[in-house]
Amino acid sequence: MVAKKSIKFVAVLVLVLISFKSFAAGDVNQHPEGDLVDSPKEIKEYIKHHLKDSHDFHLFSDNASGKHYGFPLPVIVWTSKGLKTFMSSAFHHDDSGHVVVDAGDVKLTKIHSKIYELDNGVASVSFDDNHHATNAHKVLDFSITKSVFGMLLAGLLMFLGFTALARGYKKGPIPTGFARVLEPLVLYVRDEIARPNIGEKHYKKFMGFLLTVFFFIWILNLLGLTPLGFNVTGQIAVTVCLALFTFFIVQFSGNKDYWKHIFWMPGVPVPMKIILMPIEILGMLTKPFSLLIRLFANMTAGHFVVMSLIALMIVLKESFGPVASTGMSLVLALFISVIEILVAFLQAFIFTMLSSLFIGMAVEEHDHH
Amino acid sequence: MEMLLNDFSPGLFIMQAVILLILIFLMVKFAWKPILNSLNEREEGIQGALDSAEKAKLELENLQADNQKLLKEARAEREEMLKEARDMKNKMIEDAKNEANETASKLVEQAQATIESEKKAAIADLKSQVANLSIEIAEKVVRDELSNKDKQVKLVESMLGEATLN
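Those protein sequence lines, which keep their order, are chains A and B. Residues 58 to 426 (my numbering) are what the first sequence spells out, left to right. Residues 15 to 180 (my numbering) are what the second sequence spells out, left to right.
Now the structure itself:
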């Protein structure tokens, strides 16, 4: 059984590697002089680039020969002329607006991981002093970017893992195998996060959201620690979306008391009620805002620190020699990576915890007035 | 802040929202609902088993208490019966003794009475026989000596009357 599974795994791996190879062919070289990323400025650019979402799945590059290993992802954009789809390999790894893709009746280019539509009748992009495009505008980008790919992967992993757990209960009340690891996690979210914060009476309604969000964030955070280099939960759009879900769930499940506490605080004099109203409304908005910034900042900072520590190896090579700098960067990066594993869980926990706390505040029944 | 806003991709936001919605829906339908239901069922099952075990224990305790009580009652009853039997035995012995005593004393009395009457009869008989004997003796004695028989009898009788036998 195990042998069969590992054979399957190897087969998939081989297939993926073959597709990398074919993707590598015919690329335009980004560093034509065969330059390595070795100066602090280049490293900074490199890290910044990797914190961003990208339109192809890029694993590593051989700058000397100008080959990139990875695979392209589909680009789906809503332009002024309607929906356009093509594979990201059409951009040939260009990220500076030099390669213009002619998608039928519109011309598209990619600048800093964003897809721009060139204005009518323009053949190439021109830039102003701040390197902003002057004759092109952004389009609504529904591409299966690396982040979307990561989300789909996380969703698939979750779905497979937990439907297996659900099926396990049909055979008997005690799950077996990997499901035995998943069950305590589900119980943890239910008994340590949802129940104490929302209350015995209401928690069941929100379990679906809380469990999904917890495992979604956790798996994405952990995927971000793999060398695949996902940074999904470090994308501001993703955390905004997650926080907005919490926000709307809180507002829609808020009872009469919740709204009364926001707009007409009971138990205080009228002038205080008027002063408290804007503060409470602001508080309503800052709660999800803190959620989105916390997750985004933690994950981005984690990635940034790990990559910077790895870069120490190159930066300090001059002054400490290759062995000392490699050793130092290895130890530090390992240390931070271990902490990041904790942070990956912690951020998922905090997001779910605070979400359930906010929901709990909205559905709480005040009977002490 | 400007960089953050620049990095915000509306497309990614929409994709994320759609994926999350679909994911929540799928997970609720195929994973969370069955999982949580099974967990609940299992917990209720365990709780039920514990409750019934507790109940059984309580019942057993009650039963034991009942048994104890019954045993105690039986012991008390036995004790009572034994005591009654012992009392009865004692009483019977006592009665028998009394009766025996009474009978014995009655018998003795009767015997004494019989003896007394027999003695009286014997004495009377003896008296008459002694009287006859005496007369015969006196007759034989006096026949030769005395002519007057009547005088002789009177003499003897008066002498006998003087002689007390007891």
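Just so you know, even glycine gets a beta-carbon here, dropped at the ideal spot from N, CA and C. From a predicted model like this one, the values you see are computed outputs, not experimental measurements.
Under 9 angstroms by beta carbon: chain B residues contacting residue 364 of chain A: Taking the first sequence and counting its residues from 1, the one referred to as residue 364 of chain A is at position 307. None at all; the shortest Cβ gap to chain B is about 17 angstroms.
Reduced DSSP category for residue 135 of chain A - H, G, I as helix; E, B as strand; rest coil: The residue given as residue 135 of chain A occupies position 78 in the first sequence. Residue 135 of chain A falls in the strand class under three-state DSSP.
Contact with chain A by residue 37 of chain B, beta-carbon distance below 7 angstroms: For the purposes of this step, residue 37 of chain B is taken as residue 23 along the second sequence, with counting starting at 1. Yes, residue 37 of chain B counts as interfacial toward chain A.
Cutoff 7 angstroms: residue 223 of chain A Cβ touching any chain B Cβ: Position 166 of the first sequence, counted from the start, is the residue given in the question as residue 223 of chain A. With 7 angstroms as the cut-off, residue 223 of chain A counts as an interface residue toward chain B.
Nearest residue (CA-CA) to residue 347 of chain A, options A/415, A/289, A/386, A/332: Stepping through the first sequence from its first residue, residue 347 of chain A is reached at position 290. Residue A/415 is the option with its Cα nearest to residue 347 of chain A.
Test: residue 42 of chain B CB closer than 7 angstroms to a CB of chain A: Working through the second sequence from its first residue, we reach residue 42 of chain B at position 28. For residue 42 of chain B, the answer is yes, since a Cβ of chain A falls inside 7 angstroms of its Cβ.
Residue interval of the alpha helix (DSSP H) (run including residue 330 of chain A): Your numbering for residue 330 of chain A matches position 273 in the first sequence. Run containing residue 330 of chain A: 327-372, per the alpha helix (DSSP H) assignment.
Counted within 10 angstroms of its Cβ, other Cβ atoms place residue 247 of chain A as buried (16 or more) or exposed: As a position in the first sequence, residue 247 of chain A is number 190, starting the count at 1. Buried, because 16 or more other Cβ atoms sit within 10 Å of the Cβ of residue 247 of chain A.
Burial state of residue 316 of chain A, where buried means 16 or more other Cβ atoms lie within 10 Å: As a working note, residue 316 of chain A is residue 259 in the first sequence. Exposed: under 16 other Cβ atoms inside 10 Å.
Where residue 289 of chain A falls: helix, strand or coil (DSSP): Position 232 of the first sequence, counted from the start, is the residue given in the question as residue 289 of chain A. Reduced to three states, the DSSP call for residue 289 of chain A is coil.
Where the alpha helix (DSSP H) through residue 21 of chain B begins and ends: Here residue 21 of chain B is taken as the residue at index 7 of the second sequence, counted from 1. Where residue 21 of chain B is concerned, the enclosing alpha helix (DSSP H) stretches over 16-21.
Proximity test, Cβ basis, 7 angstroms: residue 56 of chain B and chain A: By one-based count along the second sequence, residue 56 of chain B stands at place 42. By this cut-off, residue 56 of chain B is an interface position.
Interface residues of the region 311-341 of chain A facing chain D [CB-CB below 7 angstroms]: Annotation note: the requested chain D is absent from the structure, which comprises protein chains A and B.
Residue from A/192, A/234, A/196 whose Cα sits closest to the Cα of residue 170 of chain A: For this step, residue 170 of chain A is matched to residue 113 along the first sequence. Relative to residue 170 of chain A, the option among A/192, A/234, A/196 whose CA is nearest is A/196.
Complete beta strand (DSSP E) runs within the region 185-216 of chain A (minimum length 3 residues, chain order): 193-195
Whole-angstrom distance between residue 107 of chain B and residue 113 of chain B, CA atom to CA atom: One-based indexing of the second sequence puts residue 113 of chain B at position 99. One-based indexing of the second sequence puts residue 107 of chain B at position 93. Cα to Cα, residue 113 of chain B sits roughly 10 angstroms from residue 107 of chain B.
Under the three-state DSSP convention, the category residue 257 of chain A falls into: As a working note, residue 257 of chain A is residue 200 in the first sequence. Three-state result, residue 257 of chain A: coil.
Below-7 angstroms beta-carbon distance, residue 61 of chain B vs any chain A residue: In the second sequence, the residue the question calls residue 61 of chain B occupies position 47. False, the Cβ-Cβ gap to chain A never drops below 7 angstroms.
Alpha carbon of residue 87 of chain A to alpha carbon of residue 123 of chain A, nearest angstrom: Position 30 of the first sequence holds residue 87 of chain A. Position 66 of the first sequence holds residue 123 of chain A. Only weak support exists for where residue 87 of chain A lies, its pLDDT of 43 falling under 50; the coordinates are left without a value.
Cα-Cα separation, residue 181 of chain A to residue 159 of chain A: Numbered from 1 along the first sequence, position 124 holds the residue referred to as residue 181 of chain A. Numbered from 1 along the first sequence, position 102 holds the residue referred to as residue 159 of chain A. Taking the straight line joining both Cα atoms gives about 11 angstroms.
Residue 354 of chain A CB to nearest heavy atom of the ligand NAD below 6 angstroms: For the structure depicted, the ligand NAD is absent and the ligand set is empty, with no information on it obtainable.
Touching by the beta-carbon criterion (3+ pairs, under 8 angstroms), the region 245-259 of chain A and the region 171-178 of chain A: no
Beta-ladder partner(s) of residue 168 of chain A, from DSSP: Along the first sequence, one-based indexing puts residue 168 of chain A at 111. In the DSSP output, where bridge partners are listed per residue, residue 168 of chain A has A/153, A/171.
Residue 173 of chain B classed as buried or exposed, judged by whether at least 16 other C-beta atoms fall within 10 angstroms: As a working note, residue 173 of chain B is residue 159 in the second sequence. The residue in question, residue 173 of chain B, is exposed, as its Cβ has fewer than 16 Cβ neighbours within 10 Å.
Chain-ordered chain B contacts of residue 265 of chain A [CB-CB under 8 angstroms]: Taking the first residue of the first sequence as 1, we reach residue 265 of chain A at position 208. What residue 265 of chain A touches in chain B: 38, 41, 42, 46, 47.
For residue 124 of chain A, the first and last residue of its enclosing beta strand (DSSP E): Counting from 1 along the first sequence, the entry for residue 124 of chain A is found at position 67. Counting along the chain, the beta strand (DSSP E) containing residue 124 of chain A begins and ends at 124-129.
Cross-chain neighbours of residue 80 of chain B in chain A, by beta carbon under 8 angstroms: The count along the second sequence starts at 1 and reaches residue 80 of chain B at position 66. The premise fails here: residue 80 of chain B is roughly 37 angstroms from chain A at the closest Cβ pair, so nothing lies under 8 angstroms.
Given residue 297 of chain A as reference, the closest of A/140, A/132, A/343 once Cα atoms are compared: Within the first sequence, the letter at position 240 stands for residue 297 of chain A. Of the listed residues, the one whose Cα sits closest to residue 297 of chain A is A/343.
Cutoff 8 angstroms; reference residue 131 of chain A; Cβ partners in own chain excluding five residues on either side: Residue numbering aside, residue 131 of chain A sits at position 74 when the first sequence is read from its first letter. If the five residues before and after residue 131 of chain A are omitted, its C-beta is found closer than 8 angstroms to the C-beta atoms of 142, 143, 144, 145, 200, 201, all from its own chain and listed in chain order.
Burial state of residue 397 of chain A (16 or more Cβ within 10 Å): Along the first sequence, read from residue 1 onward, the residue named residue 397 of chain A stands at position 340. Looking at its Cβ environment, which holds 16 or more other Cβ atoms inside 10 Å, residue 397 of chain A is buried.
Residue 198 of chain A at chain B interface by Cβ criterion, 7 angstroms: Translated into positions along the first sequence, residue 198 of chain A becomes position 141. With 7 angstroms as the cut-off, residue 198 of chain A counts as an interface residue toward chain B.
Chain B contacts from the region 107-122 of chain A (Cβ-Cβ distance under 8 angstroms): 109, 110
is_contact[residue 31 of chain B, chain A] using C-beta, thresh 7 angstroms: Against the second sequence, residue 31 of chain B aligns to sequence position 17. At least one chain A Cβ lies under 7 angstroms of residue 31 of chain B.
Residue(s) in a DSSP beta bridge with residue 115 of chain A: Taking the first sequence and counting its residues from 1, one reaches residue 115 of chain A at position 58. Its beta-bridge partners are A/127.
Neighbouring residues, chain B, relative to residue 226 of chain A (Cβ below 9 angstroms): Here residue 226 of chain A refers to the residue found at position 169 of the first sequence. Within chain B, 48, 49, 51, 52, 53, 55, 56 have C-beta atoms less than 9 angstroms from the C-beta of residue 226 of chain A, given in sequence order.
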